[in-house]
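Notes follow the structure.
2 protein chains.
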Amino acid sequence: MSNQELVVLGRNDETDACCPGLLTAPLDEDQAVELAKVFKALGDPVRLRLLSMIASRAGGEVCVCDLTPAFDLSQPTISHHLKLLRQAGLIDCERRGTWVYYWLLPEMTDRLASILTRPAAEPLPDRAATATAS
Amino acid sequence: MSNQELVVLGRNDETDACCPGLLTAPLDEDQAVELAKVFKALGDPVRLRLLSMIASRAGGEVCVCDLTPAFDLSQPTISHHLKLLRQAGLIDCERRGTWVYYWLLPEMTDRLASILTRPAAEPLPDRAATATAS
DNA sequence: ATGTTGTATCGACGGACATCAATGCAACCC
DNA sequence: GGGTTGCATTGATGTCCGTCGATACAACAT
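Chains as they are written, first to last, in full-length UniProt numbering: chain A, 1 to 134; chain B, 1 to 134.
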């Protein structure tokens, strides 16, 4: 059911370490290709809402039967979007009896957040702070 | 030069406040549409590398003439990608004499990072305690 | 076994997107 | 002025992607 997910998650603590992240050093092409796949998965309103519904669920899991009726889209379309989110490593799922449940993989969102976070204590001598007097 | 950028940046501290963010409450459709535009802009390896090169630049600015030769792509293509990043509110630019300089708008990346950050100290009673269904 | 319900996959179609060559425009230099 | 360089825009083209109906598959009910 799931065998070709992206390998952008931790594990390879050598190629990109844990937190150099996009804003501090020029991304090499391989890293850019992998990262772009994840961001592309987030680049659709339906998938963003799906992810949000899954992530904000109290129990941590959502049944597909609760997701599908929230959209004006066909059931195959929702299934397609869930598949893309899963291939991006953002969620995972499990069949339990008749129903299939999805949950968030917080490792990926954590990784994206840290990638987008600039180093806190940068000297930052440039233009941005030129007008502040206090 | 720049007049139709997205309005996802702060400013409207009422519609979505400052930090509810994607993982805690179901995104409504309008928010999802706006957010998806930004993530879509990040969903391309070339644009990710461009953004990374711009953001990690010491002086805070990069001349287009330094960006274009770093890719095996035509000059119009690079210009096109820079335009998309700018329309997403991730960067801005200014012409200075013969050359055009681009710089990062950290408000947007900061916003994305906070949106992807889950609340640190959530009680997280999760699945074990929710067995009282019917 | 047969039927029913929940979910995934397939094939097709229309629109969106990445890319290019050609061209336009702005700023410099002679 | 005319020529040159840096960058943006235009128009065209091939590919990708979101969507659907039809269908297949899995689990349960009878």
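Positions of the beta carbon are idealized from the N, C-alpha and C atoms, including for glycine.
{"Asked": "Residue environment, A:L73, which counts as buried when at least 16 other CB atoms sit within 10 Å", "Found": "exposed"}
{"Asked": "Identity of the residue in A:H81, A:T98, A:G89 nearest residue 143 of chain A by Cα", "Found": "Since the first residue of chain A shown is 1 and the last is 134, residue 143 of chain A is not available in this structure."}
{"Asked": "Beta-carbon separation (whole angstroms), A:M53 vs A:V62, contact threshold 8 Å", "Found": "6 Å"}
{"Asked": "Runs of alpha helix (DSSP H) lying entirely within the UniProt domain \"HTH arsR-type\" (27-124) of chain A, each at least 4 residues, in chain order", "Found": "29-42, 45-55, 64-67, 75-87, 106-115"}
{"Asked": "Separation of A:S79 from B:A131, as counted between CA atoms", "Found": "Confidence at B:A131 is low in this model, with a pLDDT of 43, below 50, so the placement of that residue is unreliable and no value is reported for it."}
{"Asked": "Distance, A:L42 Cα to B:G112 Cα", "Found": "The sequence given here has Leu at residue 112 of chain B, not Gly. Approximately 11 Å between the Cα atoms of the pair."}
{"Asked": "Alpha-carbon spacing of A:E29 relative to B:L50, whole angstroms", "Found": "11 Å"}
{"Asked": "Of the listed residues B:R118, B:T98, B:G97, B:R86, nearest to B:R108 (C-alpha basis)", "Found": "With the sequence shown as reference, residue 108 of chain B is identified as Met, and Arg is not the correct amino acid for it. Ranking B:R118, B:T98, B:G97, B:R86 by Cα distance to B:M108 puts B:R86 first."}
{"Asked": "Closer than 8 Å to chain B by CB, A:T77", "Found": "no"}
{"Asked": "Under 7 Å from the C-beta of B:E94: neighbouring residues of chain A", "Found": "Per Cβ cutoff of 7 Å: no residues; B:E94 is ~11 Å from chain A at best."}
{"Asked": "Cutoff 8 Å: B:E29 Cβ touching any chain A Cβ", "Found": "yes"}
{"Asked": "Span separating the alpha-carbon of A:T98 from that of B:V38", "Found": "37 Å"}
{"Asked": "Any chain A beta carbon closer than 8 Å to B:G43", "Found": "yes"}
{"Asked": "8 Å Cβ cutoff met for A:R118 and B:P76", "Found": "no"}
{"Asked": "Residue-chain proximity (B:G26, chain A), Cβ-Cβ < 8 Å", "Found": "The sequence given here places Pro at residue 26 of chain B; Gly does not occur at that position. True, the Cβ-Cβ gap to chain A drops below 8 Å."}
{"Asked": "CA-to-CA distance, B:R95 to A:R11, given in whole angstroms", "Found": "The predicted position of A:R11 is uncertain, since its pLDDT is 45 and thus under 50; a value taken from the coordinates is nonetheless stated next. Using only the alpha carbons, I get a separation of about 43 Å."}
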